[in-house]
Each structure stands twice: as structure tokens, then as C-alpha cells.
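To start, the structure itself, in C-alpha cells.
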Amino acid sequence: MPQKLDYLRETASQTAGPYVHIGLAPGAAGFDIYRQELGQDIAGPNAGGERIRVEGLVIDGMGSPVKDVLLEVWQANAEGHYAHPEGGGPVEDGFRGWGRVITDFETGEWGFDTVKPGAVMGRNGRMMAPHLNLWIVSRGINIGLNTRMYFSDEEQANAADPVISLIEWERRRATLIGKRSDRDGIPVYRFDIRLQGDDETVFFDI
Amino acid sequence: MKPAEYYQRDRTLHPPALTPDYKTTTARSPRYSLISLQNSVSEITGPVFGHNDIDPLDNDLVRNYAKDADPVGERIILHGRVLDENARPVPNTLVEIWQANASGRYRHKKDTYLGALDPNFGGCGRTLTDENGYYFFRTIKPGAYPWRNWDNSWRPAHIHVSVFGAAFVQRLITQLYFEGDPLIPHCPIVKTIPDPEAIEQLIARLDLNATVPLDSIAYKFDIVLRGRRSTLFENRLEGN
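Sequence lines, in order, name chains A and B. Start counting the first sequence at 1327; every next residue gets the next number (our numbering). Start counting the second sequence at 2; every next residue gets the next number (our numbering).
In C-alpha cells form, the structure reads like this:
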């Protein structure tokens, strides 16, 4: 027998189940327990850059909205820095870059307010186009799904993005683009996530 | 530490997306393969939490929702460490849990099971690991409950666990089960995991040494997150 490798093995994932809100968003589950729920304010009051709203649906293989999803976002600030010791540079006081939202129980709509991130330095000196890193869990999802949302008004940067261009099927790249419109002077990006079937969203193993 | 990548996730020990015996997965599982990304700064970073974010009582589910008495049920201490695959502790990381009460009923407006709600039990808690990756909660052992999968499906007693780690690639949600529970081998959600050892790793163990005599029984549950490569030679991540 060769020597044993003494690495531990990662704990296996399990679905977050239908009552994920109790733990991670108890206010939405219908009860008040914590002084503050986490993930409500992504950018904070001091963040530079353009204030935006992002919203959408998560849609299952039957075309129905999934109404018990919990979604987390991880993003850089407008300078392209993450709020982390290895995040590439300083961020504004109060900028967390992380948010947590749930879908409306009746409609399945989710949304959050934040600032538009800047471009981030990628591997081998190639800039990544501005993007949001998203992670979704729910009943029926055995292991959290990672995806990215890019911005429809960043066509040039998107065309040069090293992650988008890794997707061999050009048609699938469009599933990662949030579409910009304006509502009462606020830019709104629409990003529907399709779990399965026609125009299935690209998911990553990160 | 210089920026370095995390080990590739071993997806043979995790459940695949499509596991038809757990019926909800059939319409919620992608049909195309995941696209593998080498880590960039977007993946090796993640949110940082501190003691301002939470309160000291947040890890005590016996007290954090108690109105006029302690909740009903088996008092337990749940404790363990958060480690990475290199067996290094993961300090100051946020661990969040949620669970049903002793009747198997969740305090959630969507749960209509006839098991009774407990007016003194909320069912969620959170804490930060200490510098050794150690965490603990006090709670009530949850009851099993029925769910609509097959006609007679029952979840084993379980506590849902969410952990962050230091990077978005380490983000993990799982469920812990209790040693000796005969429902474990019958559960289609447990059995989404193809690897028997990976299932064993989700079973919290009775820990008499940590039990508080005449007060609470203890269970130990260690959580392992992805490990990080050492940079022996060139580090391609930095790349500029």
C-alpha cells in the first residue's frame, strides 16, 4: 500500500429544504428573533458608483417560478475591490459586497438594491467584466448553484471577459446577461435564472 | 498569505443535481454540465463577519425565543470544529443553524404539520467560530417529521447547517443527523449522497465527555470545508 494521504474530505452538501428562511431570513418565515438579519444592505451608504436594482425570477424545468429560493450575491465595489483581505484593494466603510434575498412566496420575484461593481482583475492579467457572483439554494437543489450576472450595457467588456469566453456555446452566454432598463430614473437589471430546459442558465463549478 | 486557489470540489462525494427519488430535484436540476472555473479573486474572497453582526445569545436556541419558560424537548449541546481539508481550523466564520422543534414542527408559515408549535422555541441560531475553529450551540433535539415525497416519507431528525468559510468557494449548506437514528437509511434526501462515508460524516456523534451532567446531552459535529493549495512554485492566480 502506498502512503495514506491525510487530507480530510469536504462535508457533503444537502438541500437547504423548504424552510431555509427560518435560519437565514427568519423575518420572512414570519417571526422576529434577531436584532438584525444579515445580508440586507449590500453596499452601505458610502459606496461610490451607480446605484442599481437587480431583480428576476428563478424558473424551474416546467417554466414555473420557484417560490422558496434563497439567493446570495457576492460582488466587488465600483473600483473592482472585494470587501476581503485579499480583495484587491480598499472598500468604502460599510461596503460589504454580500447580500441575501429570498423570493416572494406568492410570485417568486426576488430583487436587491446595490451599486454596480467595477471590472475585477482576473487570472493572468485579464480583466473580468463587471459581474455579480450568485449562489442559489432551495428545496430540490441538492448543492448550491453558482452563476454570474453580467450587465447588458457592458458589451465591450463582456466580449473580452475570460469567463464568458470559456463558454463554448455562444448561445448560452446570453443567459448570464442582466438586461438593463430604467424605472423612475433607477437602472434596473432583469435577470431570470432558468434551472432547466430551454435557455438553461449557465452554472459554474467554482 | 499569497493568493492561492482552493482544491477542486470532489463532486463524487456530493449529491448530483438530479436524484429522482427526491422528487423535487427533477424539475430543479440543470441538464447541462457545470462549467468549471479556475479560481479568480471573485471566488477566493467572501464575506467577513464580526461580533457586531450577531448577539451572544444567538447561539442558545433554548433561550433565544423563550417567552415564559424553556422549550419542551431533549436539551442538547451541539458542538464541533470547522476545519478545512488540510485539517486547519477555519476561525471567525459564521455558522447558522435552523431546525424543527421536538414535535418535528417548524416555526414557518408554510409548515402545516399537526405536530404542535412550541411557544418558547424559535428554531434558529448563529455563531462565529473561535480562533481554533470551534463553535457550540445549545438547543432542543428536533423531532422527525413527515413530508410529501412518497406517501409515507419521514425525515430523520436533523439540523440544517450553513457555513461560509473564508471564500465564496467554501460556501456550504448541509444537514446533520443524529447517531443511531433508524430513519437515516430510509431517507431519499440522505440517499442523494452517493458515497456512504460522506453520509457517515453527516451523522453527529453522541459525546458524553461534553455532556453537562443533569442538564444537557452533547453531540459533536465537525464540518470540513474545502482546503487551499500552498503556493510551492509559480502562482498563476496573481498573474499580473
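For glycine and all other residues, C-beta sits at the position ideal for the given N, C-alpha and C.
Please work out which residues of its chain come closer than 8 Å, Cβ to Cβ, to residue i, disregarding the five sequence neighbours upstream and downstream, and give them in chain order.
i	result
N1472 (chain A)	N1459, L1460, W1461, F1529, F1530, D1531, I1532
N87 (chain B)	G228, R229
R1449 (chain A)	P1488
P246 (chain B)	Nothing can be reported for residue 246 (chain B), as the shown portion of chain B is limited to 2 through 241.
E1435 (chain A)	E1381, G1382, L1383, P1391, T1429
N210 (chain B)	A219
K1505 (chain A)	S1478, Y1515, R1516, F1517
V213 (chain B)	I78, A219
Is there a C-beta anywhere in chain B that falls below 8 Å from the one on residue i?
i	result
E1418 (chain A)	no
D1531 (chain A)	yes
F1421 (chain A)	no
G1414 (chain A)	yes
W1436 (chain A)	no
P1344 (chain A)	yes
A1355 (chain A)	yes
I1490 (chain A)	no
M1454 (chain A)	yes
L1364 (chain A)	yes
T1341 (chain A)	yes
D1479 (chain A)	no
V1528 (chain A)	yes
A1373 (chain A)	no
Looking only at C-alpha atoms, which of the options sits nearest to residue i?
i	options	result
R139 (chain B)	B:D216, B:A5, B:P186	B:D216
G1425 (chain A)	A:I1493, A:S1464, A:W1400, A:Q1482	A:W1400
E75 (chain B)	B:K142, B:L84, B:Q171	B:K142
H1457 (chain A)	A:V1463, A:I1469, A:K1442	A:K1442
R64 (chain B)	B:N121, B:Y135, B:L19	B:N121
G181 (chain B)	B:I190, B:V170, B:L207, B:R172	B:L207
R29 (chain B)	A:R1509, A:G1451, A:D1419, A:N1468	A:N1468
Q1482 (chain A)	A:L1396, A:H1410, A:M1454	A:M1454
L173 (chain B)	B:P214, B:T212, B:L203, B:F137	B:L203
F1438 (chain A)	A:G1365, A:F1357, A:G1343, A:P1328	A:G1365
R1474 (chain A)	B:Y33, B:I185, B:P31, B:E44	B:E44
A70 (chain B)	B:A158, B:D22, B:Q171, B:G123	B:G123
V42 (chain B)	A:E1363, A:E1412, A:R1422, A:L1397	A:E1412
L118 (chain B)	B:T46, B:I190, B:G47, B:V73	B:V73
D1394 (chain A)	A:A1485, A:E1432, A:G1414	A:E1432
R1422 (chain A)	B:V164, B:F50, B:Q9	B:F50
Does the beta carbon of residue i sit closer than 8 Å to a beta carbon anywhere in chain A?
i	result
A88 (chain B)	yes
N241 (chain B)	Note that N241 (chain B) scores 35 on pLDDT, short of 50, meaning its location in the model is unreliable; the coordinates nonetheless yield the value given after this. Yes, N241 (chain B) counts as interfacial toward chain A.
D112 (chain B)	yes
Y107 (chain B)	yes
Y66 (chain B)	yes
L173 (chain B)	yes
A28 (chain B)	yes
V73 (chain B)	no
H161 (chain B)	yes
Here's a check: name, in chain order, each residue in its chain whose Cβ is nearer than 7 Å to the Cβ of residue i, leaving out the five neighbours to either side.
i	result
D1332 (chain A)	none
G1511 (chain A)	none
V91 (chain B)	V83, L84, D85, T130, G134, G166, A167, L226
T26 (chain B)	A18, L19, T20
D1518 (chain A)	G1382, L1383, I1385
Q1522 (chain A)	D1386, G1387
A145 (chain B)	G105, W155, R156, P157, A158, L184
Which stretch, first to last residue, makes up the beta strand (DSSP E) that contains residue i?
i	result
P147 (chain B)	146 to 148
I1348 (chain A)	Taken as a continuous stretch (DSSP letters only), I1348 (chain A) belongs to no beta strand (DSSP E), being part of the alpha helix (DSSP H) at 1346 to 1350.
P1513 (chain A)	1512 to 1516
A205 (chain B)	204 to 207
T1473 (chain A)	1471 to 1477
S1440 (chain A)	The identity of residue 1440 (chain A) in the sequence shown is Thr, whereas the question assumes Ser. Segment 1436 to 1441, the beta strand (DSSP E) holding T1440 (chain A).
N1484 (chain A)	First-last for N1484 (chain A): 1481 to 1485, but that is the alpha helix (DSSP H), not the beta strand (DSSP E).
I194 (chain B)	Neither: I194 (chain B) is in no beta strand (DSSP E) and is coded neither H nor E.
D85 (chain B)	76 to 85
S1507 (chain A)	1503 to 1509
K255 (chain B)	Summary: the structure shown does not reach residue 255 (chain B), with chain B confined to residues 2 through 241, and so no result is reported for it.
Mind checking if residue i is an interface residue toward chain D, Cβ cutoff 8 Å exclusive?
i	result
W99 (chain B)	In the structure shown, chain D does not exist; the protein chains are A and B.
Which residue marks the beginning of the alpha helix (DSSP H) containing residue i, and which one marks its end?
i	result
S43 (chain B)	42 to 45
R29 (chain B)	26 to 29
E1496 (chain A)	1496 to 1499
For residue i, I'd like the list of residues in its chain whose CB is within less than 6 Å of its CB, leaving aside the five on either flank, ordered along the chain.
i	result
K24 (chain B)	N150
P147 (chain B)	W155
H161 (chain B)	W99, Q176
R1520 (chain A)	I1385, E1526, T1527
N60 (chain B)	G126, T128, F138
V1417 (chain A)	N1403, H1407, A1409
R1452 (chain A)	P1488
V1427 (chain A)	L1397, W1436, F1438
Report yes if the C-beta of residue i is less than 7 Å from at least one heavy atom of the ligand ZN; otherwise report no.
i	result
L177 (chain B)	Of ligands this structure carries none, so the ligand ZN is not represented either.
**Request:** Report yes or no: do three or more beta-carbon pairs, one from the stretch 94 to 101 of chain B and one from the stretch 1331 to 1350 of chain A, lie closer than 8 Å?
**Result:** Segments in contact, yes.
**Message:** Contact between the stretch 193 to 212 of chain B and the stretch 4 to 14 of chain B is defined here as three or more beta-carbon pairs at a separation below 8 Å; is this criterion met?
**Reply:** With a cut-off of 8 Å, the stretch 4 to 14 of chain B and the stretch 193 to 212 of chain B count as touching, because enough Cβ pairs lie within range.
**Request:** Kindly confirm or deny that the stretch 205 to 223 of chain B and the stretch 73 to 90 of chain B touch, where touching means at least three C-beta pairs closer than 8 Å.
**Result:** They touch, by the three-pair rule.
**Request:** Assess, as a yes-or-no matter, whether the stretch 1493 to 1501 of chain A is touched by the stretch 1365 to 1375 of chain A under the definition of 3 or more beta carbon pairs within less than 8 Å.
**Result:** Look at the beta carbons and you see the stretch 1365 to 1375 of chain A not touching the stretch 1493 to 1501 of chain A: under three pairs across the two are nearer than 8 Å.
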